[in-house]
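First up is the structure itself, then whatever we jot down about it.
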């Protein structure tokens, strides 16, 4: 039975022969189980304490530094070979909340000749589904620990896909906002936040290129040749996401500059409109000022229709200005 | 007979000997035809369902992962070697609509020692013309499956050329708009859209550099030495388009900055013109205000020509300002 | 006894056998101690004068150029092999003061077959804790001079971590300032200062990638195979900090652009608000100007309620403008 | 006799022994001439039609794809090896017109063991001078076809030099314009055009780095060891021009940003000056307005010197403002 | 005796045995001196004419192309191997004048098995001090021509250091100007000029990385193994200066953007202050306008204290605006 995600310690520990679960093991029975050559042990841990990790270390004869890494977490994705075992660090990711932010966890994997140990940190999604899925295809699971490693990497990179897609969608929505409407002080902040998310996601994904590369190209212990095409598959996914992220980053940079440029155009337009209306108020004011002067001899003032003519003059001046500004595109 | 582009499944399946079509085959007869060493089979599929793909897999003994790729589509261009066969993914592209946007499709190719299987996804243009063209040059088609791969890559990259050219032309038109006339809020949006299109096109084209590189440099199964110069030819096209795209991207970046700079110049000019006209209205208003004061003792007011002199003064002030502003380039 | 940080010269000099301190040595006894194969000598210097350095050189037979480097300081981090000894330059860093700035020191290490010499320059923190810590784990110290090198590199890179973290935190605070509030002339200066600090920190850290790479990959004298995983550990730390710095740099660049963009939005908003209020003052002024004209025949002037109607008209005009500006978002 | 540049076809065809022209050949005699081991044939073509190219192909046994390239032109600079012959594509360039633009041509060279064929496209300058110059130094021409290739590459890259220099000069003039004087809407357009020219020139020059590299480093057929220093010479020129272009590109980017920055400074200055003058007009207008009020009881109005004092007050206010604005740098 | 820097031709020519000057030679005696295996010849030239260079070429059997390079100057720094001799081009630099600009010279060095020839172009500082210094350390000079090459490279790169430092200092001063005070139209120009100087300096320094790399890593003729640590020393200097230049370039880019951003902030502030003062003048003007209307029935006009109340109202309005603007940060 799968414990709740909150519980830490041993999640599951079993021996597999020909891809079929043959025994559930206690941690202290592992060393003995490892002596049988026709089976492998798969141990799953969740945020183990140091005592448990040390016990596991003794059972599997793991390297000190790898155990320290597995305990401390906060590693970047990497692959290391310690004597007989391959140690892989993966970062898991989930995007949630409002506004959404990306939360990262970590999964560490030890791949030995006949064992695989996974240590999960902080990830909200349990790997239980993964084990169940693997057990459904015993002909593949029979390939041994390397296949489990592949399944896990596939599982983790599949978590990135919806995040990358949602970021891609938000960039696209942002385009519409920026290019369509000018009311966009919020757009700048969103560009910044998207870029920050893309950069943090990239940090989790891009080291996987190197990890996959080594898994599919070089002779690593415990990674049989016939599992390499599987890692090539993960490699393809990783490369695609990396490319998507880079394209989105460049688009965001351009979007920010385009936004600034459109702001400048808008400001220019506002300034022109402002100037036009200012002129249409200032000219009648000037005319009124003139006929407000107190000279003794101002013949128009005495004229019966002077007032009306002055009003008409003001109206004509404004109308002329209006038409002129309209024509030259200032209004 | 070629089915309509909407139909999916087997488009064409034939055996070729010495570059000449010798037999039309049903899918279930392929395995037997493959036993004959002096001929090769060319099978063309369009968006096949899984059942058909599995049948094809059995006939040609293709690898599971390659079949999955061919079924799922959404791959990036790549070349992979699975045991005895070379698997190539290409992206097809077409630009249409108003405003034009680029639509991508995919073509997957399996190249075996004596067969070639093409799987087309989403592409609007059928490959029928390609098969016909190949059959016209039997001396080249006699080179076998690798030549078909070349012909297909040439066909696909030739589709990119008009798109790259049209983008190049639009960048050139944009230059005229930006550098010539200031009425260009739409220019910013177009720069953004062009950049986005160039980036998406680049994602389809640039992985082909690596694909061609491997085809022309390394020992791949089923790619005979005498076909390498052909792949070098495709390589040259791809490199050229890549370069064109990169140059256009850099030009667009510069164009966006130049646009912003010109906006700033224009704004400055408008502000100066605005200030000049404002001064020419404000000065007479001020003079009029002064003679509108109600002081008992204002000798000018009583003077017979005071009004006219004040009008002339206003006119002179405005004229002087106009000339001064003209000279200093504010008007 | 550890001298005060201000004192220069020999800080500590001892011989170690099987990881345990077996003898405190005077500088002139070193050469003889080096003849014993089962122990190694660890000499610690702080800003030695040339005479002392020359004496040390004679005792250990060190290379001229390395001694010159160790005397002059102002080196970039590097690893060099001089005949039988490995020479490593590290930069130490501390961030303090208000506003905080980064102060760099230098530590030079000579790693021989059975000796390790450390020369510290300008660093405020003594390495005494390091020696004590090493002596606590004799089973590790027994690995010899290479382990001391590791311990020192670990010690130095651990000093960077809080600096990198504090810079990261400041970038995050800055985001809030820039994206939240517009009163931010100081933000620009802080972006600039953070970028400068990141660049100077990067110069200290990034050469360590190459140094660690050589220590963990290539056959260097005096670096036994079983210490390589330790250097890989340092390598991981260095890579992570490098990545963090690069991400922060890119974020700062985006932040500066976002800041400019938001300034432009704000300026536009201010201009629109200004224009709106200007209109609401100018229109009553214009109306007042009209009724301030001195035409003999202005029927409204004689009307009893003329004045009140004009005031109401002004109020209505202002109200109408206010509502209109509110609706169009200018106010 | 050299035909006019407009004429196409065979420009010159001759056999050379020990660097001296020994026979003028018709195209149909080439194959026979090639059988003599002590001489080589140099054929020069200008925009040949397909029939002539096919004839030439038969005489020299050239590869199909190279001939197609030579016919189509629009290649990027490259070096390819087809069986026994080296095929080089070069781009020629000339800058002329007002405003100057760069016009590109192409020259293709086939270098065989005892022949060299040059095919010129679109270039305005004939290569006749080149052949004459080569014939003047028979001791060098005796090195054979590879020397002709060198001479041609040297000739072509020498055409770039004045273009690169003139662009460099224009960038320098632009600096003066931008940094010295603010009347520079045209400067932005020129920056853009210079950048576009630099980018197109770069596309012609930068692939030559790789071409020279292969000629001076790798074992290519028909390129004897003692000609390699010559290609290294061309390589140096190409690298230098590449560097110059890159420096100019970066300077132009900085210039554009500096321009924007200076525009912003200028706009700020204009706004401040505008505000100062506006204040100096607005204050007297306000004072005049106050004394234009029609209150029954305004003692100043009745005062004999009221008018003069109000004028002096206005003058003093303006003077005070003027001095204040001058001091704070707004005027 | 050292000729004045203006004199060209042979500066000094001597034979050295075991690091000690054993004979001063005339150019025509060189060839004979070269036959003695226990000594080497060091010839120093300053802007030699072609005749002298040809004579030198015959004496040392130097390669044609190297002599041409040495005659023409305007090379980029490089290292080339011509048969038995190593040819190195270095660029010398001096920064002087007001405003300071960088002047470049060139020094070419031929390093043979038992000779070293230096050709100086345009450099203002003679190399005489260098020769004297070498002669002071005969035990080092005894290492032969390679040591002279090292001494020269060290001498040349040491000239860069003060230039790089002064540029670094100016960038730092600029920071203060930009971040502290807004009166900075000159700052933009200075950023541009500093960037241009850094780019030109970089062109002189960065190729030395490759030159030093080859000298310290690869088997070059005439460069004995025990001189390699010396070139590694030069390499370190060059790398450090390169890094400094790159950091300064990036800082300048950021400074330019920060400057623009601060300009924008300042402009915004000025606009707000302007608006505030405009409002404080416009409101009394409006009130005065209202009481300047000529309606027959305006009760306030007849009121004894109307005028004073209106003045107080104006004052209160202005005071209220002032306080409000102060609070909202517009003043």
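Chains as they are written, first to last, in this note's numbering: chain A, 1 to 331; chain B, 1001 to 1331; chain C, 2001 to 2331; chain D, 3001 to 3331; chain E, 4001 to 4331.
Ideal Cβ positions, reconstructed from N, Cα and C, are used throughout, including at glycine.
Asked, Found
"Span of the beta strand (DSSP E) around residue 3094 of chain D", "3085–3096"
"Contact check, residue 1283 of chain B vs residue 1321 of chain B, beta carbons under 8 angstroms", "yes"
"According to DSSP, residues forming a beta bridge with residue 78 of chain A", "A:89"
"Contact list for residue 1101 of chain B against chain A, beta-carbon separation under 7 angstroms", "Neighbours of residue 1101 of chain B on chain A: none; closest Cβ ~12 angstroms, over 7 angstroms."
"Beta-carbon spacing of residue 275 of chain A, residue 1274 of chain B below 8 angstroms", "yes"
"Helix, strand or coil at residue 4259 of chain E [DSSP, three-state]", "helix"
"Straight-line Cα distance separating residue 4191 of chain E from residue 3186 of chain D", "22 angstroms"
"C-alpha gap between residue 4263 of chain E and residue 4175 of chain E, whole angstroms", "14 angstroms"
"Cutoff 8 angstroms: residue 1325 of chain B Cβ touching any chain D Cβ", "no"
"C-alpha distance - residue 2106 of chain C paired with residue 2028 of chain C, whole-angstrom precision", "25 angstroms"
"Near-chain C residues of the region 4222–4241 of chain E - C-beta to any C-beta below 8 angstroms", "4229, 4230, 4232, 4233, 4236, 4239 and 4240"
"Residues that residue 186 of chain A bridges to, as DSSP identifies them", "Looking at the DSSP assignment, residue 186 of chain A forms no beta bridge with any residue, so it has no partner."
"Option nearest residue 325 of chain A by Cα separation, candidates A:65, A:277 and A:114", "A:277"
"Under 7 angstroms by beta carbon: chain C residues contacting residue 250 of chain A", "Those do not exist, as residue 250 of chain A stays about 12 angstroms from chain C at its closest Cβ, beyond 7 angstroms."
"Backbone CA spacing between residue 2223 of chain C and residue 2165 of chain C [nearest angstrom]", "31 angstroms"
"Straight-line Cα distance separating residue 26 of chain A from residue 4 of chain A", "Per-residue confidence for residue 4 of chain A stands at a pLDDT of 43, beneath the threshold of 50, marking its modelled position as unreliable; no derived number is given."
"Chain A within 8 angstroms of residue 1217 of chain B, Cβ atoms only", "no"
"Opening and closing residue of the alpha helix (DSSP H) in which residue 51 of chain A lies", "50–60"
"Continuous alpha helix (DSSP H) stretch holding residue 3156 of chain D: start and end", "3145–3180"
"Straight-line Cα distance separating residue 1227 of chain B from residue 3146 of chain D", "27 angstroms"
"Cα-Cα separation between residue 50 of chain A and residue 1113 of chain B, rounded to whole angstroms", "56 angstroms"
"Per-residue burial, residue 3136 of chain D [other beta carbons within 10 Å of its own, 16 or more giving buried]", "exposed"
"Min CB distance residue 3168 of chain D to chain E below 8 angstroms", "no"
"Against chain D: residues of the region 4130–4164 of chain E by CB proximity under 7 angstroms", "none"
"Contact under 8 angstroms by Cβ, residue 194 of chain A with residue 211 of chain A", "no"
"Residues in the region 1187–1219 of chain B having any Cβ partner in chain D nearer than 7 angstroms", "none"
"8 angstroms Cβ cutoff, residue 1334 of chain B in contact with chain D", "There is no way to answer for residue 1334 of chain B, as the model of chain B reaches only from 1001 to 1331."
"For residue 112 of chain A, the three-state DSSP class (helix, strand or coil)", "coil"
"Same chain only: Cβ atoms within 8 angstroms of residue 1298 of chain B, ignoring 5 sequence neighbours per side", "1291"
"Rounded separation between residue 1022 of chain B and residue 82 of chain A - CA only", "58 angstroms"
"Contacts of residue 1280 of chain B in chain D (Cβ-Cβ under 9 angstroms)", "Neighbours of residue 1280 of chain B on chain D: none; closest Cβ ~11 angstroms, over 9 angstroms."
"Interface flag, residue 4257 of chain E vs chain C, CB-CB below 8 angstroms", "yes"
"Supposed close pair residue 3076 of chain D, residue 1239 of chain B - CB separation, criterion 8 angstroms", "7 angstroms"
"Residue 3298 of chain D: contacting residues in chain E (beta-carbon distance under 7 angstroms)", "4307"
"Reduced DSSP category for residue 1303 of chain B - H, G, I as helix; E, B as strand; rest coil", "coil"
"Under the three-state DSSP convention, the category residue 1024 of chain B falls into", "strand"
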